[in-house]
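Read the structure below first, then the notes.
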Amino acid sequence: MQRQLAAEGLGTFFLLATVVGSGIMAEQLAGGNVAIALLGNTIPTGAILVVLITVFGPLSGAHFNPAVTLCFWLRKEISARLGGLYVLAQIVGGIAGVWAAHVMFDHPLFDASTTARWGIGQWTGEFVATFGLIGTILGTLKARAEMVPVTVGLYITAAYWFTSSTSFANPAVTIARAFSDTFAGIDPAHVAVFIAVQLVAAAIATWVFGWLLHD
Numbered sequence: 746m747q748r749q750l751a752a753e754g755l756g757t758f759f760l761l762a763t764v765v766g767s768g769i770m771a772e773q774l775a776g777g778n779v780a781i782a783l784l785g786n787t788i789p790t791g792a793i794l795v796v797l798i799t800v801f802g803p804l805s806g807a808h809f810n811p812a813v814t815l816c817f818w819l820r821k822e823i824s825a826r827l828g829g830l831y832v833l834a835q836i837v838g839g840i841a842g843v844w845a846a847h848v849m850f851d852h853p854l855f856d857a858s859t860t861a862r863w864g865i866g867q868w869t870g871e872f873v874a875t876f877g878l879i880g881t882i883l884g885t886l887k888a889r890a891e892m893v894p895v896t897v898g899l900y901i902t903a904a905y906w907f908t909s910s911t912s913f914a915n916p917a918v919t920i921a922r923a924f925s926d927t928f929a930g931i932d933p934a935h936v937a938v939f940i941a942v943q944l945v946a947a948a949i950a951t952w953v954f955g956w957l958l959h960d
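Numbering (my numbering), first residue to last: 746 to 960.
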């Protein structure tokens, strides 16, 4: 269990260090072009997911995401106790990853975001992003389990661009990004609704794809 929790914490650490760090770097280099900045944030995020899921998948399943952990708890593939510990490790690792990015780029360690992400369009984007992520994971596990790192990385890369919210699709990521007043941030006051939508979407997707992929 210690190795599993360390894998979840360390994996989420690197995920958030990548999301926030690449967002800062992209914004610095894009010269005010938001599309280029988003592209500079998207590619590293998709790439690091392939790496992290490949490396940590055999240890913990490479959830890095309370919505994914919820899915596997609903499927009775992880206990409530271990699932709760996974979520704690993910949140702590994610916040630590944000702080590491801040140190690397000379940002204040504690720097709450002021980026507004609110409204039906943003919430719909998060529902679609999370629903699709769970579907991608369950569908790939059914068809070709060894391809999960690639399909998740590609899905998130695409979802950054086709969803209005740029696809957080992850409560731990949402919490951690509230600690960063940078390109990737989210106002702390807007976090709770994002998380609620993500968890509802994950639960519905677990049921839908459980039915769809049933033998």
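Glycine included, C-beta positions come from ideal geometry on N, C-alpha and C.
- Query: What's the gap between the Cα of I949 and the Cα of L819?
  - Reply: Translated into positions along the sequence shown, residue 949 becomes position 204. Translated into positions along the sequence shown, residue 819 becomes position 74. Looking at the two C-alpha atoms, the distance is approximately 10 angstroms.
- Query: How do the stretch 900-915 and the stretch 876-884 stand: do at least 3 beta-carbon pairs fall below 8 angstroms, yes or no?
  - Reply: yes
- Can you tell which of S925, V938 and T951 has the C-alpha that lies nearest to the C-alpha of D851? Position 106 of the sequence shown, counted from the start, is the residue given in the question as residue 851. Nearest of S925, V938 and T951 to D851, Cα basis: S925.
- Query: Just checking my contact of A921 with G839 at CB under 8 angstroms: how many whole Å lie between their CB atoms?
  - Reply: As a position in the sequence shown, residue 921 is number 176, starting the count at 1. As a position in the sequence shown, residue 839 is number 94, starting the count at 1. Sure, about 3 angstroms apart at Cβ, within 8 angstroms.
- Identity of the residues DSSP links to D856 by a beta bridge: On the sequence shown, position 111 is the one that residue 856 refers to. Answer is S925, bridged to D856.
- Put T757 into one of helix, strand or coil per three-state DSSP. Looking up residue 757 in the sequence shown gives position 12. DSSP places T757 in helix when its eight states are reduced to three.
- Is DSSP giving R889 helix, strand or coil here? Within the sequence shown, residue 889 is the residue found at index 144, counting from 1. The answer is helix: DSSP assigns R889 an H, G or I state.
- From which residue to which residue does the alpha helix (DSSP H) around P803 run? For the purposes of this step, residue 803 is taken as residue 58 along the sequence shown, with counting starting at 1. Segment V779 to S805, the alpha helix (DSSP H) holding P803.
- Item | Counted within 10 angstroms of its Cβ, other Cβ atoms place Q747 as buried (16 or more) or exposed | Here residue 747 refers to the residue found at position 2 when the sequence shown is read from its first residue. So Q747 counts as exposed.
- Message: If contacts are defined as beta-carbon pairs under 8 angstroms, then N810 and A917 qualify, I think. What distance do you get, rounded to the angstrom?
- Response: What you label residue 810 is simply residue 65 of the sequence shown in a count that begins at 1. What you label residue 917 is simply residue 172 of the sequence shown in a count that begins at 1. Going by Cβ atoms, the distance from N810 to A917 rounds to 6 angstroms, so yes, they are a contact pair.
- Message: What ranges does the alpha helix (DSSP H) occupy inside the stretch 802-845, keeping only unbroken runs of at least 4 residues that lie completely in it?
- Response: 811-819
- Reference W863; option with closest CA among I781, A752 and V942: In the sequence shown, residue 863 corresponds to position 118, counting from 1. Selected option, being the one with the closest Cα: V942.
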